[in-house]
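Contents: one structure, followed by commentary.
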């Protein structure tokens, strides 16, 4: 009873907040213009649904939930709705290397189990087993180091003008795309953090976080001049970097 009354109460409150003109103000009327069923109010003043109109209330709640999700999606900018400013040309190659390295670690680590069995059976010697375990450990350490570097490389930078937000796209540990939405004011300008034209990657720092991203200005494509104002980079510094 309390579950159905909660559905009906939420439906009533949400529909009132959305200011639907089909609601006539009475507490026992269904405010969906496509449905003529009634919400019954018992004498104990507990709003609940009968078995005949339970599906009606569930449909109302589902409609309100879909409307709420749509309204929230409009508040959160996406890369498709934003202006693309920057793209690193070799980001797909880094994703391929990251996934191949994960497969490499999985295969090498799986081989240590049968080699341990072969050692216990006397088929291989102890130095051979140690070399196999050391190779698996070294491969895992290489994966961790490469993943730490790949996750810091910026693949794309987009700018949402309405919300003044910057979307930084990078890779995850598994090689998937990760979009991080940041306010424009949280980015440290590149001219303030220091930029050296001799370096291949340049640090993109944040005010409210210790995370540091890496920008490559030699092997990139800049789609809009707003990139310079968003990242705080002077045009002459970019030209000097591209000439190197």
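Residue numbers (our numbering): 1 to 244. For glycine and all other residues, C-beta sits at the position ideal for the given N, C-alpha and C. All values reported here derive from a predicted model rather than from experimental measurement.
Can you tell me which of the three DSSP states residue 214 falls into? Three-state DSSP puts residue 214 in a strand.
What whole-angstrom Cβ distance do residue 231 and residue 206 have, given they're in contact under 8 Å? Not really, about 12 Å apart at Cβ, beyond 8 Å.
Which class does residue 221 belong to by DSSP, given the choice of helix, strand or coil? The answer is strand: DSSP assigns residue 221 an E or B state.
Take residue 224 and list the residues in its own chain whose beta-carbon comes closer than 7 Å to its own, dropping the five residues that flank it on each side. Counting only Cβ-Cβ distances below 7 Å, and skipping sequence neighbours, we find 83 and 85.
Nearest by alpha-carbon distance to residue 209: which of 99, 81 and 186 is it? When only C-alpha atoms are compared, the closest one is 186.
By alpha-carbon positions, which one of 130, 129 and 98 ends up nearest to residue 144? Nearest C-alpha to residue 144: 98.
Within the stretch 106-177, ranges of the beta strand (DSSP E) (whole runs, at least 3 residues): As far as the stretch 106-177 is concerned, its whole beta strand (DSSP E) runs of at least 3 residues are 156-160 and 165-171.
Count the other C-beta atoms from every protein chain shown that fall within 10 angstroms of the C-beta of residue 93, then say buried if there are 16 or more, exposed otherwise. By the neighbour-count rule (16 or more Cβ atoms within 10 Å), residue 93 is not buried but exposed.
For the 8 Å Cβ check, are there 3 or more pairs between the stretch 103-114 and the stretch 129-146? By the C-beta criterion, the stretch 103-114 is judged to be in contact with the stretch 129-146, since at least 3 inter-stretch pairs fall below 8 Å.
For residue 184, the first and last residue of its enclosing alpha helix (DSSP H): It is not in any alpha helix (DSSP H) - residue 184 carries neither H nor E in the DSSP assignment.
Can you tell me which of the three DSSP states residue 85 falls into? DSSP places residue 85 in strand when its eight states are reduced to three.
Supposed close pair residue 165, residue 179 - CB separation, criterion 8 Å: That pair is no contact at about 11 Å.
Using the Cα positions of residue 229 and residue 128, report the straight-line distance between them to the nearest angstrom. Rounded to whole angstroms, the separation of the alpha carbons of residue 128 and residue 229 is 58 Å.
Considering only C-alpha positions, which residue in the set 153, 131 and 233 is nearest to residue 213? When only C-alpha atoms are compared, the closest one is 153.
Assigned secondary structure, residue 69 (DSSP; H/G/I helix, E/B strand, else coil): Caution is warranted here: a pLDDT of 45 is assigned to residue 69, below 50, making its placement in the model unreliable, and the coordinate value is therefore given only provisionally. Here residue 69 sits in helix by DSSP.
Residue 233 to residue 194, Cα distance in whole Å? In a straight line, the C-alpha of residue 233 is about 10 Å away from that of residue 194.
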